[in-house]
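Q: Before anything else, here's the structure in question.
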Amino acid sequence: MPNGYNGKILHVNLTTGKMTVENPPERFYRKYLGGSAMGMHYILKEMKPGADPLGPDNVLTMMLSVITGAPISGQSRMTANAKSPLVDGIGDSQCGGFFPAEMKFSGFDGAVFKGKSPRPVYLWLHDGKAELRDASHLWGKTTSEVDDLLKKELGDDKIEIAQCGPSGEKLARLAAIINMANRANGRTGMGAVMGSKNLKAVVVRGKSKKLPTANAKMINELAKWGVASLDGNGDVAGLKAHGTASVLSFQNSMGTLPTRNYNEGQFENFEPISGEVMTETILKERDTCYACTVHCKRVVETQWNGMPVERKHGGPEYETLSTLGSYCGVKDLDAVAYANKICNDYGLDTIGTGATIAWAMECFENGVLNERE
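Residue numbers (the numbering used here): 1412 to 1784.
Right, here's the structure in full:
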C-alpha cells in the first residue's frame, strides 16, 4: 500500500443498506491518486448509461487524495462527483475545511454511494468503522441545526459533517454539499444528488491523526519551509488580510468584476462590498482549513434589517460578494452577508444563486418576466 492512504474505499448501497469495504491494490492508487480521477473510475465503472441524475442509478463519490491529512497548507480537500442534475454532464466539486482531513483520519480514502435509501439516513465513519443511521429527525433542518443536533447526538463536538441542506432535500439543482455550516462543495448540484438518495449527511471522526508516510520528518520540514515561503508571497498576504475578497477591488480596476448580470465589468459601488471594508467593519476572526497557515476564511458578525448573521455562518467569499453583490447591483455588505448566511443554512451554491437572481432581474427589466412570474 502506498504511503498516505488507508487502503480502504467504502461502497454503500443505500437501497439495501449493505456496505462493503474495498482494499484496492497499490497500482490503483498510483494510477488515480485521488479526487475526481478516483471518483470517475467508479462512476464510469458502475453507473448505467443514461442514468437520471436525480434517480437511484446515479453514482455519487466522495474522494480524498494522497496528501489530504498531511500538514501541508491548502491540501485538505474532498472531491464530490456524480452525474450533475444542473448540466447533465459529470459534476465535479471540491470542499476544504476540516472535513476532508477528518474523513481520512476516520480510516477511509473515499466512499461510493449507489441506490436510494427508503428513508433519510446519515453515514457515520469513525476509526475504520462505518454505520448507516436514521436521519428522519434531521430531515428539513438547516445545516447549522443539523450540526448542533449531531454533535449532541454523537457526544462529540469534534465531528465533521458534510450534508445536503433543505435545498438538496427539495432537489434544487443549485444545491451544494455544506460542511462546517459554512464550507461548500458548490456548483453542479451535488447536494441535490445527496437529497435524491435520501442521504442527509456524512459524519466523520478519527481519533488517530497519524497516516503512514515514507518520511514524516521530511514532510514536517517541507511544511515549515512552506510556511516561511508563503509569508513572503504578496498574493498570500492579501488572502491573509482580506480573504478571497482581496481580489474584488482589483477585478473592478481591471474591468472584470461581474456587474448587473455581467452586462458590465465595473461596479461604481464596489468599495462598500470590498474585502478591505469587510475587514474594517464586520470581520470578527480569520478561520482556516486543516493545517493551513493562510487563514483566508472570513468569519463575520452583523445584522441586516434586524436579522442576525452569526459567526457560525462564516463570511462571504469573493464569488459571493460579486454574484450576490455587484452582479445584482447590490452595494450593501450586510445584505450580502445575510444572503450568504441563507445560502449556507439552506445548502445553496452562492454563485449559481446570485447569477440566477441577476438573470431574473434583467429579464424583468426587459419585460421577459412580469411581476407575477
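We treat Cβ as the ideally placed atom computed from N, Cα and C, and that holds for glycine.
Since the model is a prediction, treat every value here as computed from it, not as a measurement.
With contact counted as at least three CB pairs below 8 Å, one residue from each stretch, are the stretch 1584-1597 and the stretch 1643-1654 in contact?
A: By the Cβ rule, the stretch 1584-1597 does not count as touching the stretch 1643-1654, because fewer than three pairs are nearer than 8 Å.
Q: For the putative contact between residue 1475 and residue 1430, defined by C-beta atoms under 8 Å, what is the C-beta separation to the nearest angstrom?
A: For this step, residue 1475 is matched to residue 64 along the sequence shown. For this step, residue 1430 is matched to residue 19 along the sequence shown. Contact flag wrong, Cβ pair sits at about 18 Å.
Q: Between which two residues does the beta strand (DSSP E) harbouring residue 1538 extend?
A: Sequence index remark: in the sequence shown, residue 1538 carries index 127 (1-based). Element bounds for residue 1538: n/a, residue is neither H nor E.
Q: Whole-angstrom Cβ separation of residue 1739 and residue 1718, contact assumed at under 8 Å?
A: Within the sequence shown, residue 1739 is the residue found at index 328, counting from 1. Within the sequence shown, residue 1718 is the residue found at index 307, counting from 1. With a Cβ gap of about 18 Å, residue 1739 and residue 1718 do not count as contacting.
Q: When you compare the stretch 1698-1716 with the stretch 1729-1748, are there three or more beta-carbon pairs, one atom per stretch, that lie closer than 8 Å?
A: When C-beta atoms of the stretch 1698-1716 are compared with those of the stretch 1729-1748, three or more pairs fall below 8 Å, so the two segments count as touching.
Q: How many whole angstroms separate the CB atoms of residue 1485 and residue 1703, which I take to be in contact at a CB cut-off of 8 Å?
A: For the purposes of this step, residue 1485 is taken as residue 74 along the sequence shown, with counting starting at 1. For the purposes of this step, residue 1703 is taken as residue 292 along the sequence shown, with counting starting at 1. So it is a contact: roughly 6 Å between Cβ atoms.
Q: Out of 1593, 1615, 1679, state which residue places its alpha-carbon closest to the alpha-carbon of residue 1757.
A: The sequence position of residue 1757 within the sequence shown is 346, counting from 1. Taking only the C-alpha atoms, the option nearest residue 1757 is 1593.
Q: I'd like the list of long-range same chain contacts for residue 1483, defined as Cβ closer than 7 Å, with 5 residues on each side in sequence excluded.
A: As a position in the sequence shown, residue 1483 is number 72, starting the count at 1. 1634, 1637, 1702, listed in sequence order.
Q: At the level of alpha carbons, what is the spacing between residue 1605 and residue 1453?
A: Here the question's residue 1605 lines up with position 194 in the sequence shown. Here the question's residue 1453 lines up with position 42 in the sequence shown. Going by the C-alpha atoms only, they are around 17 Å apart.
Q: Could you tell me whether the Cβ atoms of residue 1685 and residue 1660 are closer together than 8 Å?
A: Here the question's residue 1685 lines up with position 274 in the sequence shown. Here the question's residue 1660 lines up with position 249 in the sequence shown. Yes.
Q: Tell me residue 1715's beta-bridge partners as DSSP assigns them.
A: Start at 1 with the first residue of the sequence shown, and residue 1715 comes out as number 304. Answer is 1718, bridged to residue 1715.
Q: Taking just the CA atoms, how far does residue 1683 sit from residue 1627?
A: Within the sequence shown, numbered from 1, the residue matching residue 1627 stands at position 216. Within the sequence shown, numbered from 1, the residue matching residue 1683 stands at position 272. So the alpha carbons of these two residues sit roughly 46 Å apart.
Q: Alpha carbon to alpha carbon, how far is residue 1569 from residue 1775?
A: Within the sequence shown, residue 1569 is the residue found at index 158, counting from 1. Within the sequence shown, residue 1775 is the residue found at index 364, counting from 1. In a straight line, the C-alpha of residue 1569 is about 47 Å away from that of residue 1775.
Q: Please name the residue in 1438, 1496, 1439 whose C-alpha comes closest to that of residue 1461.
A: Stepping through the sequence shown from its first residue, residue 1461 is reached at position 50. Among 1438, 1496, 1439, the Cα nearest to that of residue 1461 belongs to 1496.
Q: Please return the same chain residues whose Cβ sits closer than 6 Å to the Cβ of residue 1752, not counting the five positions on each side in sequence.
A: If you number the sequence shown from 1, residue 1752 lands on position 341. Around residue 1752: 1720, 1724.
Q: Run the CB neighbour count on residue 1696, radius 10 Å, all protein chains shown included, and call it buried at 16 or more, exposed below.
A: By 1-based counting over the sequence shown, the position of residue 1696 is 285. Per the 10 Å Cβ criterion, exposed.
Q: Span of the alpha helix (DSSP H) holding residue 1631?
A: Here residue 1631 refers to the residue found at position 220 when the sequence shown is read from its first residue. Here the alpha helix (DSSP H) through residue 1631 covers 1627-1641.
Q: Say whether chain B places a C-beta atom closer than 8 Å to the C-beta of residue 1595.
A: Looking for chain B here will not work: only one protein chain is present.
Q: By how many angstroms is the C-alpha of residue 1622 removed from the C-alpha of residue 1730?
A: Mapped onto the sequence shown, residue 1730 falls at position 319. Mapped onto the sequence shown, residue 1622 falls at position 211. Rounded to the nearest angstrom, the two C-alpha atoms are 34 Å apart.
Q: Restricting to Cα atoms, I'd like to know which of 1613, 1728, 1530 is closest to residue 1709.
A: Taking the first residue of the sequence shown as 1, we reach residue 1709 at position 298. Among 1613, 1728, 1530, the Cα nearest to that of residue 1709 is on 1728.
Q: Can you list, in chain order, the residues of its chain with a C-beta nearer than 6 Å to that of residue 1413? Leave out the 5 residues immediately preceding and following it.
A: The count along the sequence shown starts at 1 and reaches residue 1413 at position 2. Here the set comprises 1437, 1440.
Q: Taking residue 1576 as the reference, which of 1761, 1754, 1520 has the closest Cα?
A: Taking the sequence shown and counting its residues from 1, one reaches residue 1576 at position 165. The candidate whose alpha carbon is nearest that of residue 1576 is 1754.
Q: Mind checking whether residue 1531 and residue 1541 have CB atoms under 8 Å apart?
A: Residue mapping note: residue 1531 aligns to position 120 of the sequence shown, counting from 1. Residue mapping note: residue 1541 aligns to position 130 of the sequence shown, counting from 1. No.
Q: Can you tell me where the beta strand (DSSP E) holding residue 1491 begins and where it ends?
A: Looking up residue 1491 in the sequence shown gives position 80. Element bounds for residue 1491: 1489-1494.
Q: Among 1525, 1511, 1528, which residue has its Cα nearest to the Cα of residue 1536?
A: Here residue 1536 corresponds to residue number 125 of the sequence shown, with the count starting at 1. Comparing Cα-Cα distances from residue 1536 to each of 1525, 1511, 1528, the minimum goes to 1511.
Q: Give me the Cα-Cα distance between residue 1488 and residue 1457, rounded to the nearest whole angstrom.
A: Against the sequence shown, residue 1488 aligns to sequence position 77. Against the sequence shown, residue 1457 aligns to sequence position 46. Computed Cα separation, rounded: 24 Å.
Q: Could you check where the beta strand (DSSP E) with residue 1422 kicks off and where it finishes?
A: Position 11 of the sequence shown, counted from the start, is the residue given in the question as residue 1422. Note, residue 1422: beta strand (DSSP E), 1420-1424.
Q: So, with DSSP's three-state summary, where would you put residue 1670?
A: Against the sequence shown, residue 1670 aligns to sequence position 259. The answer is strand: DSSP assigns residue 1670 an E or B state.
Q: Can you tell me the Cβ-Cβ gap for residue 1649 and residue 1657, rounded? I've got them flagged as a contact below 8 Å.
A: What you label residue 1649 is simply residue 238 of the sequence shown in a count that begins at 1. What you label residue 1657 is simply residue 246 of the sequence shown in a count that begins at 1. About 4 Å separates the two Cβ atoms, so the contact holds.
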